[in-house]
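Using UniProt numbering, the letters of the sequence shown map in sequence onto residues 1 to 160. Glycine included, C-beta positions come from ideal geometry on N, C-alpha and C. Each remark here refers to the structure printed beneath this line.
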Amino acid sequence: MTDQANNGAAAENEPQFSLQRIYVRDLSFEAPKSPAIFRQQWEPSVSLDLNTRQKGLEGDFHEVVLTLSVTVKNGEEVAFIAEVQQAGIFLIKGLDEGSMSHTLGAFCPNILFPYARETLDSLVTRGSFPALMLAPVNFDMLYAQELQRMQESGEAPTPQ
């Protein structure tokens with residue numbers, strides 16, 4: 001084999017990661033107590049639910065969906081509920097099982113989070129509520145906690 005052929009074969013086996021597309025898969029906003037909620041003293045409490053899921057597409061393509069659901073209450077009343085499913089298509093190849101799991105479970109959601117956060121903030125301000133500035137999320141820590149929980153409960157990680 002020539003050096004060029006050897007380099008080509010080696011390059012095929014090297015890990016590859018490429019973002020193909022980022023898009024909003026689903027989006028919703030509900031303000032069940034409007035317009036009365038706008039006439040009350042604003043003392044909000046914010047609840048954030050975060051979830052990720054992934055599925056293999058054809059070849060080495062993977063879809064990762066990050067779901068952010070925010071419920072904001074003013075006192076005991078729900079002021080609004082907003083949810084975004086921010087998705088991305090990623091080309092990922094040449095990774096061992098552990099690295100692939102970490103990439104899909106932490107690295108990809110970390111890429112999607114700023115887009116989801118901006119989409120939610122825009123949605124909330126369009127609903128005439130104060131800006132919703134979500135703090136950054138440590139997806140590596142969340143991924144590690146989920147792995148530990150699965151090990152303690154004897155669950156096997158979901159195959160990709």
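Span of the alpha helix (DSSP H) around residue i
i, result
"residue 151", "139 to 153"
"residue 121", "108 to 126"
Nearest-angstrom Cβ-Cβ length linking residue i and residue j, presumed shorter than 8 Å
i, j, result
"residue 80", "residue 124", "7 Å"
"residue 24", "residue 86", "6 Å"
"residue 120", "residue 84", "5 Å"
"residue 38", "residue 128", "7 Å"
"residue 63", "residue 55", "5 Å"
"residue 98", "residue 16", "That pair is no contact at about 17 Å."
"residue 88", "residue 132", "Wrong, their Cβ atoms sit about 22 Å apart, outside the cutoff."
"residue 134", "residue 117", "5 Å"
"residue 78", "residue 35", "That belief does not hold up - the Cβ atoms of residue 78 and residue 35 are roughly 14 Å apart, past 8 Å."
Top-ranked residue by Cα proximity to residue i, from the options
i, options, result
"residue 71", "29, 115, 139", "29"
"residue 130", "41, 154, 21", "41"
"residue 146", "82, 101, 108, 117", "101"
"residue 191", "105, 118, 117, 148", "Here the chain has residues from 1 to 160 only, and residue 191 is not among them."
"residue 92", "148, 13, 60, 137", "60"
Classification of residue i by the beta-carbon crowding that lies within 10 angstroms, buried from 16 upward
i, result
"residue 155", "exposed"
"residue 113", "buried"
"residue 109", "buried"
"residue 150", "exposed"
"residue 66", "buried"
"residue 58", "exposed"
"residue 27", "exposed"
Residue i, enclosing beta strand (DSSP E) - first and last residue
i, result
"residue 47", "44 to 56"
"residue 98", "Not the beta strand (DSSP E): residue 98 falls in the alpha helix (DSSP H), residues 97 to 102."
"residue 202", "Only positions 1 to 160 of the chain appear in this structure, which leaves residue 202 out of reach."
Heavy atom of the ligand PLP within 6 Å of residue i beta-carbon
i, result
"residue 17", "This structure lacks the ligand PLP; in fact it carries no ligand of any kind."
Per DSSP, cross-strand counterpart(s) of residue i
i, result
"residue 60", "Residue 60 pairs with nothing; no bridge assigned."
"residue 33", "None; residue 33 has no bridge partner."
"residue 168", "The structure shown does not extend to residue 168, since the chain is modelled only from 1 through 160, so no value can be given for it."
"residue 21", "89"
"residue 16", "93"
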